[in-house]
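Chemist: If you count by the working numbering, then the sequence shown holds residues 273 to 623, one letter each, in order.
Just so you know, even glycine gets a beta-carbon here, dropped at the ideal spot from N, CA and C.
Structure provided below as structure tokens; questions to follow.
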Amino acid sequence: MVTGQETGDVALLDESIKRSSNTRQRVFSGIQPSGNFHLGNYLGAIRNWVDQQAAFDNIFCIVNLHALSQATTRETLRDNTLNLANVLLAAGLDPSQSIIFVQSDVREHAELCWLLSSVTQFGELRRMTQFKDKAGSKDEQVSAALLFYPVLQAADILLYDTNLVPVGEDQKQHIELTRDIAARFNMRYGETFVLPQPDIKATGARVMSLEDPTKKMSKSDANPNASIALTDDPDTIRRKIRRAVTDSGSDVVAAPDKPALTNLLTIYSLLSEEPISIIEARYAGKGYGAFKSDLADVVVSSLSSIQARLAELNQHPEIARSVLVDGAERARARAVAKMIQVRDSMGLGLY
Ligand code: ATP
Ligand code: LTN
């Protein structure tokens, strides 16, 4: 879905950064190992990481410490972590072009989180939309980790002198807070951190629920029909798309008063790499049925190669494990060097 002029500007900025610089810009992004990876995660984040990886110096992190902000179990977290590593590899992240690692393997993330909390205001955290959405009316019971979540995210990003953070639209506020934290730290302690830019694409940054096009497609949605999981089989994908809500009328067009069709056309367009106008013209006068049936084919065929690679990687967990061990080593070397600078800026350690 088009997410407004501002995000388009960020994409343009990103192009100009790429062109004007001789050294490659640093990209960092993270994804929680919280299961049920869906088409929104793929189109809003993972696919962009894969498409851009040759142009940047990339670090991608499986943020298992963030996943602890919601109740989970040892087994679930372990399974989801390995599974996510396999999903990232199956989707095309290439360890020779990108560092891929697990957050808890680099202890500096947790340390920097604490240091940054000293320049973060409680009010800023309490006002974050994601905190308000997830805490709901139960803010007495949710974990303090849910409140601290954006400080840890700022630590992830700032630890690596990140220039660009490719994420979906829902993360924009967290990246803005990261910039505020970095700027405040730099004011107080001297130039230490690079101010990162969000990299949010004009299209696909907010894939909506199939059951309610006013809500984003979300891992935590209790209704499995609201999202297409990357691992859904063809029959399930066809069924979910057939029953996806549509707008009144029967024209296959993207328009502000047609949020459901706009969402389905956006998915079609991103996966088929055809402009929405061409797809609209193709289905003019044909109604929703024909469009949905073809959309299902597009989704099934786009996911099939990822699913085939995933099945293979699942048979060989040692591949992902060795990628993660190597990734942690490379990330750690950078993080350790940065923390020497940060501790010194703050007056920590006299020897
Ligand atoms: P939850 O919805 O339960 O909060 P999530 O689906 O947002 O979880 P994350 O691991 O928090 O999953 O997000 C990983 C990446 O996917 C982030 O960059 C996020 O912005 C992006 N993303 C998540 N949902 C969507 C969506 N519906 N459309 C586009 N991008 C999305
Ligand atoms: N909060 C992010 C996940 C995340 C992240 C990051 C994204 C944790 N650390 C650093 C970008 C950069 C989310 O998608 N929910």
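Just list the alpha helix (DSSP H) runs in the segment 410 to 448, keeping only unbroken ones of 4 residues or longer that don't cross its boundaries, in chain order.
Modeler: With a minimum length of 4 residues, the continuous alpha helix (DSSP H) runs that stay inside the segment 410 to 448 are 416 to 430.
Chemist: From the DSSP output, in three-state form, read off residue 293 for me.
Modeler: With a pLDDT of 48 at residue 293, under the threshold of 50, the modelled position of that residue is not reliable, and no figure is offered here.
Chemist: Can you find the residues in the same chain that come closer than 6 angstroms, C-beta to C-beta, to residue 324, ignoring five residues on each side of it along the sequence?
Modeler: Counting only Cβ-Cβ distances below 6 angstroms, and skipping sequence neighbours, we find nothing.
Chemist: Select from 460, 320 and 340 the residue whose C-alpha is nearest the C-alpha of residue 619.
Modeler: Closest by alpha carbon: 460.
Chemist: Where does residue 293 land, buried or exposed, given buried means 16+ other C-beta within 10 angstroms?
Modeler: Low local confidence applies: a pLDDT of 48 at residue 293 is under 50, so the model's placement there is unreliable, with the coordinate-based value given in what follows. The residue in question, residue 293, is exposed, as its Cβ has fewer than 16 Cβ neighbours within 10 Å.
Chemist: Quick one: what's got a C-beta closer than 8 angstroms to residue 622's C-beta in the same chain, skipping five residues either side?
Modeler: Excluding positions up to five away in sequence, the list is empty.
Chemist: For residue 437 versus residue 301, is the C-beta spacing smaller than 8 angstroms?
Modeler: Yes; because the gap between Cβ atoms is below 8 angstroms, this pair is in contact.
Chemist: Rounded to the nearest angstrom, how far is the Cβ of residue 299 from that of residue 329, given a contact under 8 angstroms?
Modeler: 7 angstroms between Cβ atoms; contact.
Chemist: To the nearest whole angstrom, what separates the beta carbons of residue 369 and residue 326, a pair I think is in contact under 8 angstroms?
Modeler: About 6 angstroms separates the two Cβ atoms, so the contact holds.
Chemist: Within 10 Å of its beta-carbon, does residue 386 have 16 or more other beta-carbons around it, so buried, or fewer, so exposed?
Modeler: Exposed.
Chemist: Answer yes or no: do residue 381 and residue 424 have a C-beta to C-beta separation smaller than 8 angstroms?
Modeler: Contact flag set, yes.
Chemist: Tell me where the alpha helix (DSSP H) around residue 549 begins and ends.
Modeler: Element bounds for residue 549: 548 to 554.
Chemist: Starting from the C-beta of residue 308, find all residues in its chain whose C-beta is less than 6 angstroms away, skip the five residues before and the five after it, and write them out in chain order.
Modeler: Closer than 6 angstroms at Cβ, skipping near neighbours: 491 and 501.
Chemist: Please return the same chain residues whose Cβ sits closer than 7 angstroms to the Cβ of residue 349, not counting the five positions on each side in sequence.
Modeler: These residues qualify, in order along the chain: 305, 336 and 339.
Chemist: Taking the C-alpha atoms as reference points, what is the distance between residue 517 and residue 317?
Modeler: Going by the C-alpha atoms only, they are around 24 angstroms apart.
Chemist: Using CA atoms only, rank isn't needed, just tell me which of 553, 597, 477 and 507 is closest to residue 625.
Modeler: Since the displayed the chain opens at 273 and closes at 623, residue 625 lies outside it and no answer follows.
Chemist: Is residue 605 buried or exposed, if buried means 16 or more other CB atoms sit within 10 Å of its CB?
Modeler: It is exposed - the Cβ of residue 605 has fewer than 16 other Cβ atoms within 10 Å.
Chemist: Express the C-alpha separation of residue 456 and residue 391 in angstroms, rounding to a whole number.
Modeler: Approximately 7 angstroms, taken between the alpha carbons.
Chemist: Between 359, 608 and 343, which has its C-alpha nearest residue 416's C-alpha?
Modeler: Answer by Cα proximity: 343.
Chemist: Is the closest heavy atom of the ligand ATP to the C-beta of residue 319 under 7 angstroms?
Modeler: No.
Chemist: To the nearest angstrom, report how far apart residue 450 and residue 401 are at their CA atoms.
Modeler: Using only the alpha carbons, I get a separation of about 15 angstroms.
Chemist: Quick one: does the C-beta of residue 414 sit closer than 7 angstroms to a heavy atom of the ligand LTN?
Modeler: Because no heavy atom of the ligand LTN lies under 7 angstroms away, the Cβ of residue 414 does not count as near it: no.
Chemist: Could you give the first and the last residue of the continuous alpha helix (DSSP H) run that contains residue 324?
Modeler: Per DSSP, residue 324 belongs to the alpha helix (DSSP H) from 319 to 324.
Chemist: Under 6 angstroms Cβ to Cβ from residue 384, same chain only, skipping five residues before and after it: list those, please.
Modeler: For residue 384, where only same-chain residues beyond five positions count, the Cβ hits under 6 angstroms are 427 and 431.
Chemist: Can you tell me whether residue 476 sits near the ligand LTN, meaning its C-beta is under 7 angstroms from at least one heavy atom of the ligand?
Modeler: Answer for residue 476: no, Cβ out of range of the ligand LTN.
Chemist: For the alpha helix (DSSP H) that contains residue 531, what are its first and last residues?
Modeler: Here the alpha helix (DSSP H) through residue 531 covers 531 to 544.
Chemist: So residue 473 and residue 320 are in contact, right, with Cβ under 8 angstroms, and what is the actual spacing, rounded?
Modeler: Contact flag correct, Cβ pair sits at about 6 angstroms.
Chemist: Can we count residue 495 as close to the ligand ATP, meaning its CB is less than 7 angstroms from some heavy atom?
Modeler: No, since every heavy atom of the ligand ATP falls outside the 7 angstroms radius drawn around the Cβ of residue 495.
Chemist: Within the same chain, show all residues whose beta-carbon is closer than 7 angstroms to that of residue 483, passing over the 5 residues directly before and after it, in chain order.
Modeler: If we look at residue 483 and ignore the five residues flanking it on each side, its Cβ neighbours are 495, 497, 498 and 517.
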